[in-house]
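Residue numbers (the numbering used here): 456 to 839.
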């Protein structure tokens, strides 16, 4: 098949080259932030390609210096007075299920930032190629949100209590650390990425062993650096296995004065700057994720996001976005201001299940795999 013509100004580019499909996130000035249009187009393309017997391989990449820095925060801020962001949230969580369970072989070429919802397009793929420029993080708690887009499922399955650490601190990992943690599969120098992509465009197979062999021709075995946070896992496990956020903070405070634990001071600082309510929600969500299936995690995360955006117990998410992206004063005023003031009954309200028709409609089996779209839900019908 010849290369299909695409609109170079579209936010997502879909190219069809032989048996390969390439999806390019194309908002480079916004670091490929995920907007409603991005989510809609991704879902359209992925459904079309999964149903096409000629498609053997799907490649994900980002234009410019980021793969994707995650959700478009200003979009949420602008929709704060109504439910206008409900549609994009629903579509994103529904899309996350399909990315985790996609039937074609997938490769992410990640050269730059992969954060939050952007990283959710990387970690579940069969092959995730990262470079020396790749940076991973899930910093949602710092803006009053929670670890979302399937990361209560992903983080809860990382080694030890690394997931709780990443979710609560928003700490960044480099490419070597992503591979060591299981969040990526191969390290390729950025200068070789274009050549690797050209080779993948010509393999004309979805056979995983053949794809792996091609990637391994370009990849380099890497070891984490001596100062890597992953070398602190025993201490991370000791502190972040504590039952509550208060106990985690107390444990970190008792460890920080021990020789060699200087790395804990910035960890404490970042947690103390985050929304207390968001920290409580995030810890519980990741903990629950350890015992939940992918559909259960996504349904829960959808519920949490909608309740947070609706300011069911606090408007922290809008205060966090204001401080980070609108006024850029980096001085959010959280409500409540301390961990101790967060009421357990308020956290319960955020986790409370919706009625069945208002929950995320995750397909129950492959025969109805692409059902449950936003257009088929009570939300769409009530907005018409």
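All C-beta atoms, glycine included, are put in the ideal place defined by N, C-alpha and C.
From a predicted model like this one, the values you see are computed outputs, not experimental measurements.
**OP:** Please classify residue 661: does DSSP put it in a helix, a strand, or coil?
**Re:** Mapped onto the chain shown, residue 661 falls at position 206. Note: residue 661 maps to coil in three-state DSSP.
Subject >> Identity of the residue in 463, 611, 602 and 591 nearest residue 745 by Cα >> reply: Taking the first residue of the chain shown as 1, we reach residue 745 at position 290. Nearest of 463, 611, 602 and 591 to residue 745, Cα basis: 611.
Original post:
What three-state label does DSSP hand residue 568 in the structure shown?
Top reply: Within the chain shown, numbered from 1, the residue matching residue 568 stands at position 113. Strand at residue 568.
**OP:** Excluding the 5 residues preceding and the 5 following residue 543 in the sequence, name in chain order all residues of the same chain whose CB lies nearer than 6 Å to its CB.
**Re:** On the chain shown, residue 543 is found 88 positions in, with the first residue counted as 1. Excluding positions up to five away in sequence, the list reads 491 and 494.
Original post:
Taking C-alpha atoms, which residue in 769, 788 and 770 lies nearest to residue 778?
Top reply: What you label residue 778 is simply residue 323 of the chain shown in a count that begins at 1. Out of 769, 788 and 770, 788 has the C-alpha closest to the C-alpha of residue 778.
Original post:
Taking all protein chains shown into account, do 16 or more other C-beta atoms lie within 10 angstroms of the C-beta of residue 712, making it buried, or fewer, making it exposed?
Top reply: Against the chain shown, residue 712 aligns to sequence position 257. Flag for residue 712 reads exposed.
**OP:** With DSSP as the reference, label residue 716 as helix, strand or coil.
**Re:** Taking the chain shown and counting its residues from 1, the one referred to as residue 716 is at position 261. Residue 716: coil per DSSP, three-state reduction.
Subject >> residue 469 in three-state terms, based on DSSP >> reply: Translated into positions along the chain shown, residue 469 becomes position 14. DSSP, read as helix, strand or coil, puts residue 469 in strand.
**OP:** Taking only the alpha-carbon atoms, compute the straight-line gap between residue 536 and residue 527 and give it to the nearest angstrom.
**Re:** As a working note, residue 536 is residue 81 in the chain shown. As a working note, residue 527 is residue 72 in the chain shown. Taking the straight line joining both Cα atoms gives about 17 Å.
Original post:
With burial defined as no fewer than 16 other Cβ atoms inside 10 Å of the residue's Cβ, what is the status of residue 463: buried or exposed?
Top reply: Stepping through the chain shown from its first residue, residue 463 is reached at position 8. The residue is exposed, with fewer than 16 neighbouring Cβ atoms inside 10 Å.
Original post:
What residue from 652, 814 and 620 has the CA that sits closest to residue 754's CA?
Top reply: On the chain shown, residue 754 is found 299 positions in, with the first residue counted as 1. Here the closest residue by C-alpha is 814.
Original post:
Mind pulling the alpha helix (DSSP H) runs of 4 or more residues that sit fully within the segment 728-778?
Top reply: 731-744, 749-764 and 771-776
Subject >> Same chain, Cβ closer than 7 Å to residue 818, neighbours up to 5 away in sequence not counted >> reply: Mapped onto the chain shown, residue 818 falls at position 363. Correct list, in chain order: 824, 826 and 827.
Original post:
Which two residues bound the contiguous beta strand (DSSP E) that contains residue 550?
Top reply: For this step, residue 550 is matched to residue 95 along the chain shown. No beta strand (DSSP E) holds residue 550; the alpha helix (DSSP H) holding it covers 541-555.
Subject >> the segment 618-630 in contact with the segment 763-770 per 3-pair CB rule at 8 Å >> reply: Between the segment 618-630 and the segment 763-770 there are fewer than three C-beta pairs closer than 8 Å, too few to call the two in contact.
Original post:
Since residue 424 contacts residue 597 with CB under 8 Å, what's their CB separation in whole angstroms?
Top reply: The structure shown does not extend to residue 424, since the chain spans only 456 to 839, so no value can be given for it.
Original post:
To which residues of the same chain is residue 732 closer than 6 Å at the C-beta, ignoring the five residues directly before and after it?
Top reply: Along the chain shown, one-based indexing puts residue 732 at 277. Answer for residue 732: 769, 771 and 797, listed in chain order.
**OP:** Count the C-beta pairs between the segment 550-563 and the segment 506-518 that are closer than 8 Å, then say yes if the count reaches three, no if not.
**Re:** yes
Original post:
Once you ignore the five residues that flank residue 784 on each side, which residues in its own chain have a CB closer than 8 Å to its CB?
Top reply: For this step, residue 784 is matched to residue 329 along the chain shown. Short of 8 Å from the beta carbon of residue 784, and not among the five residues preceding or following it, lie these beta carbons of its own chain, in chain order: 778.
Original post:
Looking at the structure shown, is residue 457 part of a helix, part of a strand, or coil, going by DSSP?
Top reply: As a first step, residue 457 is located in the chain shown; it is residue number 2 there, counting from the start. Residue placement at residue 457 is flagged as unreliable, the pLDDT there being 40, under the threshold of 50; the coordinate-derived value follows with that caveat. Coil, per DSSP.
Original post:
Relative to the alpha-carbon of residue 553, which residue among 532, 579, 637 and 529 has its alpha-carbon at the smallest distance?
Top reply: For the purposes of this step, residue 553 is identified with residue 98 of the chain shown, where counting begins at 1. Out of 532, 579, 637 and 529, 579 has the C-alpha closest to the C-alpha of residue 553.
Original post:
So residue 673 and residue 620 are in contact, right, with Cβ under 8 Å, and what is the actual spacing, rounded?
Top reply: By 1-based counting over the chain shown, the position of residue 673 is 218. By 1-based counting over the chain shown, the position of residue 620 is 165. With a Cβ gap of about 31 Å, residue 673 and residue 620 do not count as contacting.
Original post:
Less than 6 Å between the CB of residue 608 and some heavy atom of the ligand GDP, yes or no?
Top reply: In the structure on display, the ligand GDP does not appear, and there are no ligands present to speak of.
Original post:
Does the beta-carbon distance from residue 571 to residue 519 come in below 7 Å?
Top reply: Residue 571 sits at position 116 when you count from the first residue of the chain shown. Residue 519 sits at position 64 when you count from the first residue of the chain shown. No, the pair does not count as a contact, with Cβ atoms beyond the cut-off.
Original post:
So is residue 474 buried or exposed if we call it buried at 16+ other beta carbons inside 10 Å?
Top reply: Taking the first residue of the chain shown as 1, we reach residue 474 at position 19. Buried.
Subject >> Assigned exposure category for residue 715 - 16 Cβ within 10 Å defines buried >> reply: In the chain shown, the residue the question calls residue 715 occupies position 260. Counting Cβ neighbours within 10 Å, residue 715 comes out exposed, since fewer than 16 surround it.
Subject >> Environment of residue 816 [buried if 16+ CB atoms lie within 10 Å] >> reply: Within the chain shown, residue 816 is the residue found at index 361, counting from 1. The residue in question, residue 816, is buried, as its Cβ has 16 or more Cβ neighbours within 10 Å.
Original post:
Can you tell which of 641, 534, 555 and 791 has its C-alpha closest to the C-alpha of residue 727?
Top reply: In the chain shown, the residue the question calls residue 727 occupies position 272. It is 791 whose Cα lies nearest to the Cα of residue 727.
**OP:** Could you check what DSSP says for residue 673 in three-state terms: helix, strand or coil?
**Re:** Position 218 of the chain shown holds residue 673. Three-state result, residue 673: helix.
**OP:** Let me know the secondary structure DSSP gives residue 521 once reduced to three states.
**Re:** As a position in the chain shown, residue 521 is number 66, starting the count at 1. Strand at residue 521.
Original post:
alpha helix (DSSP H) containing residue 695: first to last residue?
Top reply: In the chain shown, counting from the first residue as 1, residue 695 sits at position 240. Residue 695 -> alpha helix (DSSP H) spans 688-695.
Subject >> Identified DSSP bridge partners for residue 516 >> reply: Working through the chain shown from its first residue, we reach residue 516 at position 61. According to DSSP, residue 516 bridges with 479 and 564.
**OP:** Taking only the alpha-carbon atoms, compute the straight-line gap between residue 705 and residue 719 and give it to the nearest angstrom.
**Re:** For the purposes of this step, residue 705 is identified with residue 250 of the chain shown, where counting begins at 1. For the purposes of this step, residue 719 is identified with residue 264 of the chain shown, where counting begins at 1. Rounded to whole angstroms, residue 705 to residue 719 spans 12 Å at the Cα level.
Original post:
Who are the Cβ neighbours of residue 661 in its own chain at under 7 Å, not counting the five residues just before and after it?
Top reply: Residue 661 sits at position 206 when you count from the first residue of the chain shown. For residue 661, where only same-chain residues beyond five positions count, the Cβ hits under 7 Å are 511, 512, 559 and 560.
Original post:
Could you check where the beta strand (DSSP E) with residue 498 kicks off and where it finishes?
Top reply: Counting from 1 along the chain shown, the entry for residue 498 is found at position 43. Element bounds for residue 498: not the beta strand (DSSP E) but the alpha helix (DSSP H), 491-505.
**OP:** Use the C-beta contact count for residue 659: other C-beta atoms within 10 angstroms, 16 or more gives buried, fewer gives exposed.
**Re:** If you number the chain shown from 1, residue 659 lands on position 204. By the neighbour-count rule (16 or more Cβ atoms within 10 Å), residue 659 is not buried but exposed.
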